[in-house]
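Participant:
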Amino acid sequence: MMGNKKEIQKQILHFKQELSPARLLAVTKYSELEDLISAYEAGQRDFGESRIQDLKAKAEELSSRGYLDIRWHFIGHIQSNKFNRLLKIPGLTYIHSIDSFKILEDLYKKEDHFEGQYLRFFLEFKTTDEDEKGGIDSYDELAKCTNFILNHPQSKFIFHGLMTMGPIRTENFEEDAIKSFKKLRKTRDQLKADFDLPKLKLSMGMSSDYKFALKEGSDWVRIGSSIFKE
Ligand SMILES: *Cc1c(COP(=O)(O)O)cnc(C)c1O
């Protein structure tokens, strides 16, 4: 369904202001191209998709129409055999969802397929015990990933921070969201200290829980439905 242009633009301006200094990632997985363009016209340049084929279709269409300054963020689960396709997408600038050591290794193996200048990525960390969610689930595994990254310093891939998904099915939504985001922040702080990585960022918060994520110091908030769906 197509949203209302004025409403979308109002939401973009509203969120940019409310989230600042955290950045708004506008998630377009429910949106038509024209809605994305409405957001673009309000000044939004960072857009996120969770399926490779949708990202590819939107990015290629917009690039062919001359929108060359969009920064695309991939936020979905990745299968190793899809990296070739993902890395070639025009404007791909961030991946938020490197969710295992294996996927990290596979990313680095495919570096030749990436045609951009730099690609910043987040390691996805599991901060709730909901089974259907992916992510790295121990500090040891994160440390193993970080060692691997530090052993490959000459790369176009830049370790940008940690990402998490807050709780979905819970009776104490607020309490559990705060717990999840605090856990990510503490884990990030530990990693910063242990590996001397002072710039690591946090990608956390969506339409339903971003206020709690902001309180815990989120740097990137990923909002879809509150902008594009009424
Ligand atoms: C869909 C999605 C979002 C945005 O969710 P909304 O509830 O629509 O704001 C954020 N992060 C990820 C990983 C998503 O898949």
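Note that this note's numbering has the sequence shown beginning at 588, numbered continuously upward. Ideal placement from N, C-alpha and C gives every residue a C-beta, glycine not left out.
Start and end of the alpha helix (DSSP H) containing Thr-733?
Facilitator: Element bounds for Thr-733: 726-737.
Participant: Within 10 angstroms of its Cβ, does Gln-666 collect 16 or more other Cβ (buried), or is it exposed?
Facilitator: Flag for Gln-666 reads exposed.
Participant: May I ask whether a heavy atom of ligand 1 can be found less than 6 Å away from the beta carbon of Ser-767?
Facilitator: The answer is no for Ser-767.
Participant: Spatial neighbours of Glu-728 within its chain, please: C-beta separation below 7 Å, excluding the five flanking residues on both sides.
Facilitator: If we look at Glu-728 and ignore the five residues flanking it on each side, its Cβ neighbours are Phe-688.
Participant: Taking Ala-800 as the reference, which of Gly-753, Lys-779, Asp-783, Phe-782 has the closest Cα?
Facilitator: Of the listed residues, the one whose Cα sits closest to Ala-800 is Gly-753.
Participant: Give me the pocket residues for ligand 1, defined as CB within less than 5 Å of any heavy atom, sorted by chain position.
Facilitator: Those residues, listed in chain order, are Val-614, Ser-637, Ile-662, Met-793, Ser-794, Arg-809, Ile-810, Gly-811, Ser-812.
Participant: Is it buried or exposed for Gln-631, if we count other Cβ within 10 angstroms and need 16 for buried?
Facilitator: Label assigned to Gln-631: buried.
Participant: What does DSSP give as the partner residues of Ala-613 in its beta bridges?
Facilitator: For Ala-613, which the question treats as bridged, DSSP gives the partners Phe-634, Ile-810.
Participant: Assuming the contact rule is C-beta atoms closer than 8 Å, Gly-792 and Arg-809 should be a hit. Round their C-beta distance to whole Å, please.
Facilitator: That pair is a contact at about 7 Å.
Participant: Using the beta-carbon count (16 or more within 10 Å), is Ala-609 buried or exposed?
Facilitator: Answer is buried; the Cβ neighbour count reaches 16.
Participant: Here's the rule: buried if 16 or more other CB atoms are within 10 angstroms of the residue's CB, otherwise exposed. What is Gly-635?
Facilitator: Gly-635 comes out buried.
Participant: Roughly how many whole angstroms lie between the Cα atoms of Arg-658 and Leu-642?
Facilitator: One C-alpha to the other measures close to 12 Å.
Participant: How should Gln-604 be labelled, buried or exposed, when 16 other C-beta atoms within 10 angstroms of its C-beta is the threshold for buried?
Facilitator: Classification for Gln-604: exposed.
Participant: Can you find the residues in the same chain that come closer than 6 Å, C-beta to C-beta, to Tyr-681, ignoring five residues on each side of it along the sequence?
Facilitator: His-660, Arg-707.
Participant: Just mark Gln-598 as buried or exposed, buried being the case when its beta carbon has 16 or more other beta carbons within 10 Å.
Facilitator: Gln-598 is buried by the Cβ-count criterion.
Participant: Rank Asn-591, Gly-804, Ala-730 by C-alpha distance to the C-alpha of Asp-903 and give the top, closest one.
Facilitator: Since the first residue of the chain shown is 588 and the last is 817, residue 903 is not available in this structure.
Participant: Check for me: the beta strand (DSSP E) holding Glu-711 runs from which residue to which?
Facilitator: Element bounds for Glu-711: 706-711.
Participant: DSSP state of Thr-714, grouped into three classes?
Facilitator: DSSP places Thr-714 in coil when its eight states are reduced to three.
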